[in-house]
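The block underneath contains the structure these notes are about, expressed in structure tokens.
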Amino acid sequence: MSDAELVLRSTRVITPEGTRAATVTVSAGKITAVLPYDAVIPAGARLEDVGDHVLLPGLVDTHVHVNDPGRTEWEGFWTATRAAAAGGITTLIDMPLNSLPPTTTVDHLRTKQDVARHKAHIDVGFWGGALPDNVKDLRPLHEAGVFGFKSFLSPSGVDEFPHLDQEQLARSLAEIAGFGGLLIVHAEDPHHLAAAPQHGGPKYADFLASRPRDAEDTAIAALVAQARRLDA
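This note's numbering runs 18 ahead of the 1-based position in the sequence shown.
What follows is the structure, encoded as structure tokens:
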């Protein structure tokens, strides 16, 4: 514990064994030890005793739409990361769509990283996007540090992030599997959605009717079949 820069003490520390009184040491921004509550504090370390407030590791939110740059009237890194920090989230992974540009090329990724670098209050990572026309960009995005890729099988809601048909899905899935990447999919079949009633309005039952169970079941079955066929 001699290299500890910060020492946190609480009567309620969340550990793998349960909640207990403990002292937590931190060095270079990382937890280095969880010690007994009455452990000796090393000289030079800053002690913060938080009493009976719960002390736990920072949380990671892997599904955040920050929309920055381009649609910051919805959300931006400045506000999103402050809100996250207030709720105990110390890392967020930004979804690739709703920003302008979307995270679908390395240049677009660099644009978003530059924006986040000057606004973020916590750690930020990025998902890349798999689109009909960017298969060639997937490996470079992976090598540039995206955590994985997001795609849609039905309209995403924004024109700059079109969905994949089954042939396009197969190409993207094969490419991503080839370098050991991760693909996550918004799985709803567009034909089922197009045939569903679209009443609009505030009633939750009407919304559910517009997104029928068969749309999800059909899309998931097709996705599983593609993954098995490609051994992805």
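All C-beta atoms in this analysis are idealised placements derived from N, C-alpha and C, irrespective of residue type, glycine included.
| query | result |
| --- | --- |
| Where P114 falls, given that 16 or more other Cβ within 10 Å makes a residue buried | buried |
| Nearest-angstrom Cα separation, counted from D67 out to V58 | 13 Å |
| Closest by C-alpha distance to V176, when choosing among Y55, L118 and D132 | L118 |
| Expected contact under 8 Å - CB spacing of T121 and F144 to nearest Å | 6 Å |
| Cα-Cα separation between E206 and D21, rounded to whole angstroms | 52 Å |
| DSSP three-state assignment for F167, whether helix, strand or coil | strand |
| Separation of G36 from L11, as counted between CA atoms | No information on residue 11 is available, as it lies outside the stretch 19 to 250 that the chain covers here. |
| Distance CB(I171)-CB(L187) smaller than 8 Å | The question names Ile, but residue 171 is Leu in the sequence shown. Yes, they are a contact pair. |
| For S228, the residue or residues it bridges with in DSSP | None, per the DSSP bridge assignment. |
| DSSP state of I194 mapped onto helix, strand, coil | helix |
| Distance, V84 Cα to I111 Cα | 9 Å |
| Stretch-stretch touch, CB-based, cutoff 8 Å, three pairs: the stretch 228-239 with the stretch 193-210 | yes |
| C-alpha gap between G218 and P173, whole angstroms | 17 Å |
| For I32, the nearest candidate out of D70, A134, Q244 and V153 (CA to CA) | D70 |
| Under 8 Å between C-beta atoms of T108 and G76 | yes |
| Assigned secondary structure, D140 (DSSP; H/G/I helix, E/B strand, else coil) | Going by the sequence as given, residue 140 is Ile instead of Asp. I140 falls in the coil class under three-state DSSP. |
| Where T43 falls: helix, strand or coil (DSSP) | strand |
| CB contact flag (L127, V78, <8 Å) | no |
| Limits of the unbroken beta strand (DSSP E) element including K221 | Here K221 belongs to no beta strand (DSSP E), and DSSP marks it neither H nor E. |
| Sequence-distant residues of its chain with Cβ nearer than 7 Å to F197 (five each side left out) | R157 and H160 |
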